[in-house]
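Listed in order, the protein sequences are those of chains A and B. If you're matching positions, the first sequence starts at 3 in the working numbering and goes up one per residue. If you're matching positions, the second sequence starts at 5 in the working numbering and goes up one per residue.
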Amino acid sequence: MIQISDLTFSWPGQSNPTLQIKDLQIKTGERLFLHGPSGSGKSTLLSLLAGIQCAQQGNIKILNEDLSALNDAKRDKFRADHIGTIFQNFNLLPYLSPIDNVVLGCNFSKRRQANLKTEGATATSQATRLLDELGLDENTQHRAVNELSIGQQQRVAAARAFIGRPELIIADEPTSALDADNRDIFIRQLFEQAQQYQATILFVSHDASLAPLFDRKVSLADINGASL
Amino acid sequence: MTLINLAFKSIINRKASVLLTLFTIAISVMLLLSIERVRQEAKQSFSNTISGTDLIVGARTGDIQLLLSSVFRIGHANNGLSWQSYEYIKAQKGVAWTIPISLGDSHKGFSVLGSDDNYFKHYRYGSKQTLQFEHGRPYHNAQEVVIGSEVAKQLHYYLGQEIVVAHGMGNTSFHHHNDNPLVIVGILEPTGTPVDKTLHVPLKAIELMHGPKHSTEHTTGRKDSSEGHDHDHDHDHDHDHDHDHDHDHDHQSHNYENLNSQPGDLIGQPKQITAFLMGFDSPFYTLQIRRNINIYKPEALSAIMPGVTLRELWSMLDIVEKILLLFSGVVVLISLLGMLTTLLSSLNQRRRELAILRSVGARPRHIFALMTSEAVLITALGCMLGVALFYFLIVVGKGVLQAQFGISITISMLSSYELLLLGVIMVSGTIIGAIPAIRAYFYSLNDGMSIKV
Numbered sequence: 003m004i005q006i007s008d009l010t011f012s013w014p015g016q017s018n019p020t021l022q023i024k025d026l027q028i029k030t031g032e033r034l035f036l037h038g039p040s041g042s043g044k045s046t047l048l049s050l051l052a053g054i055q056c057a058q059q060g061n062i063k064i065l066n067e068d069l070s071a072l073n074d075a076k077r078d079k080f081r082a083d084h085i086g087t088i089f090q091n092f093n094l095l096p097y098l099s100p101i102d103n104v105v106l107g108c109n110f111s112k113r114r115q116a117n118l119k120t121e122g123a124t125a126t127s128q129a130t131r132l133l134d135e136l137g138l139d140e141n142t143q144h145r146a147v148n149e150l151s152i153g154q155q156q157r158v159a160a161a162r163a164f165i166g167r168p169e170l171i172i173a174d175e176p177t178s179a180l181d182a183d184n185r186d187i188f189i190r191q192l193f194e195q196a197q198q199y200q201a202t203i204l205f206v207s208h209d210a211s212l213a214p215l216f217d218r219k220v221s222l223a224d225i226n227g228a229s230l
Numbered sequence: 005m006t007l008i009n010l011a012f013k014s015i016i017n018r019k020a021s022v023l024l025t026l027f028t029i030a031i032s033v034m035l036l037l038s039i040e041r042v043r044q045e046a047k048q049s050f051s052n053t054i055s056g057t058d059l060i061v062g063a064r065t066g067d068i069q070l071l072l073s074s075v076f077r078i079g080h081a082n083n084g085l086s087w088q089s090y091e092y093i094k095a096q097k098g099v100a101w102t103i104p105i106s107l108g109d110s111h112k113g114f115s116v117l118g119s120d121d122n123y124f125k126h127y128r129y130g131s132k133q134t135l136q137f138e139h140g141r142p143y144h145n146a147q148e149v150v151i152g153s154e155v156a157k158q159l160h161y162y163l164g165q166e167i168v169v170a171h172g173m174g175n176t177s178f179h180h181h182n183d184n185p186l187v188i189v190g191i192l193e194p195t196g197t198p199v200d201k202t203l204h205v206p207l208k209a210i211e212l213m214h215g216p217k218h219s220t221e222h223t224t225g226r227k228d229s230s231e232g233h234d235h236d237h238d239h240d241h242d243h244d245h246d247h248d249h250d251h252d253h254d255h256q257s258h259n260y261e262n263l264n265s266q267p268g269d270l271i272g273q274p275k276q277i278t279a280f281l282m283g284f285d286s287p288f289y290t291l292q293i294r295r296n297i298n299i300y301k302p303e304a305l306s307a308i309m310p311g312v313t314l315r316e317l318w319s320m321l322d323i324v325e326k327i328l329l330l331f332s333g334v335v336v337l338i339s340l341l342g343m344l345t346t347l348l349s350s351l352n353q354r355r356r357e358l359a360i361l362r363s364v365g366a367r368p369r370h371i372f373a374l375m376t377s378e379a380v381l382i383t384a385l386g387c388m389l390g391v392a393l394f395y396f397l398i399v400v401g402k403g404v405l406q407a408q409f410g411i412s413i414t415i416s417m418l419s420s421y422e423l424l425l426l427g428v429i430m431v432s433g434t435i436i437g438a439i440p441a442i443r444a445y446f447y448s449l450n451d452g453m454s455i456k457v
């Protein structure tokens, strides 16, 4: 699913590289826990995987597509088609209902819309189903986003990442605002959805206690040559 | 969910600031359209005031002053011209018709115009249209009056009614020609010109009002009793009241009997008139006779070609209306700059929103389109609201404009020029909206999915 080889990335104006990763492979369907303290380059790696930034050296291949060979527009399209992201602070649009926030996930991708069509679903019906599966009742689905609890907001963010069956789900510290019980429930639901939709999960967190829940744990500090 | 839908929901989310911007644009659009409509209608009614007249002749004065006093009833002619001069010029070769005009009296604020039967035969307005009677007929004798449509409408006058006219101009007159009541024998159809606000009487009626008989009677008549004691005054007042009351009943019952009058002399023996209108057999005579009039020895006279003077007058007003249009254009620009300020100031707060959209796959061009469509939506809604306010203003202000300025505004669809103005506003709004959109585009390129606010 993801192959990173000989990657070097420096932020503009910095002489020292932020990331230097010789090799990182993530298999399809794998649930990988990427651990690293603050400032270890987690967010930088995620922006490289999402195609927002481009590596100066080396390459990143996702689904056998070399991101460095794609131009900006194609990288944007690739992200929209194949990657769903769950953020630490959920990043929901406050002026949209939970349903509309979820539908937004396939708004900019024809591939995700086509996937829905293949399943015989519409964006709204799929959004409703995802929210149902994640435990949000119908009444909650149409309330204002800022009236939802933190846990409910996080589930809306997860549903948005899954809509249209993207192959890769990137979760950037999604549980940091949740208490231990809700955190475990959320991760379990995340895995259930990933299994159902055959998605690979790259879960990034500084909280090492979550590691046992995942198939594999990778410490960014161990693989990042720049921080060694 | 389309981008427009998203833009709309985003706008609703920021409704307070957006509503303010929207109202600013709406009011400026309303102002621009109103000024443009009034300008067009004023120009239309202005150029329609007189047509088919080759020359207007009056005592020596400025061209525009003569036009204003004789056609628009604005201001007063300082001098009249003698009847002898009128007769002399009228008899010149090539003169097809003449209409003598005597102004100076008024009735409840409406001008009284003395003339002869040629007025109804030869006076033209608009596209050489003749005066048409809504009710009744032209005057036949010196006791009859033909009133314009506005006079009838505003004073609720009807055919056969007797009225008295006052000496001097304006609403308040201290000298009533009570001894010479006139019967309304005709009500003209609306023309959209000063004719609508004029009472037309024969020249002889003017002469009778100002004649020696009148002055004698007036100085010794009932009105002078006001100089006496209070009792007399009260008595007179009561008497007048009863008198008027009786008259009203008479009018209702003898309404049409008054119209069956015998034709009589319309001209009398006037010494002076204010001006006269002339038409020629051929345009060839116009310049020649105009030159002759301007060098006419016995009396200092001016002859103007109304078309030329109308254009001169309009070109003077043209600057004013252009300045007005410029001001309203500036108001529109300021309102659009207000929108720019609102969009730019909210942009920094919206970087988070843009980053969210980027994270769900929106490309920078989507961000650009979203921001631009917001500006287009605000401008379009502002224009729509502005048009609605504009029509509301027309409906409300129509009567005032007609009554106070004589400009009749028709409630019609937007003209192609007005639509063009709206188009220019829309294009300007889009261009101005592109400024924050370009900024948002670069923000979204730099920020990516991470929010650096």
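We treat Cβ as the ideally placed atom computed from N, Cα and C, and that holds for glycine. Only a predicted model underlies this, so the values are computations on that prediction, with no experimental measurement involved.
Between the alpha carbons of residue i and residue j, how many angstroms are there, rounded?
i              : j              : result
L270 (chain B) : L212 (chain B) : 11 Å
L263 (chain B) : H204 (chain B) : 16 Å
M430 (chain B) : L26 (chain B)  : 13 Å
A438 (chain B) : L98 (chain A)  : 24 Å
V400 (chain B) : L329 (chain B) : 21 Å
R33 (chain A)  : I152 (chain A) : 24 Å
L48 (chain A)  : A179 (chain A) : 20 Å
D181 (chain A) : R190 (chain A) : 14 Å
S89 (chain B)  : I68 (chain B)  : 22 Å
R157 (chain A) : L133 (chain A) : 7 Å
I31 (chain B)  : S38 (chain B)  : 10 Å
L192 (chain A) : F12 (chain B)  : 32 Å
C56 (chain A)  : K63 (chain A)  : 12 Å
E138 (chain B) : H160 (chain B) : 14 Å
R443 (chain B) : P368 (chain B) : 11 Å
G272 (chain B) : G333 (chain B) : 56 Å
L186 (chain B) : V155 (chain B) : 15 Å
S45 (chain A)  : I327 (chain B) : 59 Å
H233 (chain B) : N184 (chain B) : For H233 (chain B), the predicted structure reports a pLDDT of 38, less than 50, and the residue's modelled location is therefore unreliable. A value from the coordinates is still provided. So the two alpha carbons sit approximately 27 Å from each other.
E148 (chain B) : G79 (chain B)  : 26 Å
Whose C-beta lies closer than 6 Å to the C-beta of residue i among residues of the same chain, with five residues either side of it excluded?
i             : result
K94 (chain B) : T102
D25 (chain A) : S7
V75 (chain B) : T53, I54
G56 (chain B) : R128, K132
Helix, strand or coil: which one does DSSP assign to residue i?
i              : result
M309 (chain B) : coil
F12 (chain B)  : helix
V105 (chain A) : helix
D109 (chain B) : strand
Q22 (chain A)  : strand
N184 (chain B) : coil
G227 (chain A) : helix
V75 (chain B)  : coil
T57 (chain B)  : coil
P206 (chain B) : strand
G166 (chain A) : coil
F114 (chain B) : strand
E422 (chain B) : helix
Near residue i, which residues of its chain fall below 7 Å by C-beta distance, leaving aside the five closest residues on each side in sequence?
i              : result
L118 (chain A) : C108, T124, A125, Q128, G166
H243 (chain B) : Residue placement at H243 (chain B) cannot be trusted, given a pLDDT of 39 that sits under 50; the coordinates are not used to answer.
Locate the alpha helix (DSSP H) running through residue i, then write down its first and last residues.
i              : result
R43 (chain B)  : 19-51
I93 (chain B)  : 87-94
F188 (chain A) : 182-198
Check whether the Cβ of residue i sits closer than 6 Å to any heavy atom of the ligand ADP, and report yes or no.
i              : result
S350 (chain B) : What this structure holds is no ligand at all, so the ligand ADP is not there to describe.
Near residue i, what residues of its chain come up, given a Cβ to Cβ distance below 8 Å and the 5 sequence neighbours on each side ignored?
i              : result
V105 (chain A) : A125, T126, A129, I165
I415 (chain B) : Y395, I398, V399, K402
L418 (chain B) : L37, V391, L426
E422 (chain B) : L37, E40, R41
V199 (chain B) : Y127, Y129, L135, G152, L192
On the DSSP letters alone, give me the boundaries of the beta strand (DSSP E) that residue i sits inside.
i              : result
D8 (chain A)   : 4-11
Q273 (chain B) : That residue, Q273 (chain B), is in no beta strand (DSSP E); it is neither H nor E in DSSP.
I64 (chain A)  : 59-64
Exercise. Which full runs of the alpha helix (DSSP H) of 4+ residues lie inside the stretch 119-174 of chain B, going along the chain?
Worked result: 122-126, 153-159
Problem set entry | Within the stretch 293-371 of chain B, ranges of the alpha helix (DSSP H) (whole runs, at least 4 residues) | 310-351, 355-363
For this session: Any chance you could list the alpha helix (DSSP H) runs of at least 4 consecutive residues sitting entirely within the stretch 377-418 of chain B, in chain order?
Result: Whole alpha helix (DSSP H) segments, 4+ residues: zero.
Exercise. For the stretch 79-161 of chain A, which segments carrying the beta strand (DSSP E) assignment without a break, of at least 3 residues, lie completely within its bounds, in sequence order?
Worked result: 85-88, all fully within the stretch 79-161 of chain A.
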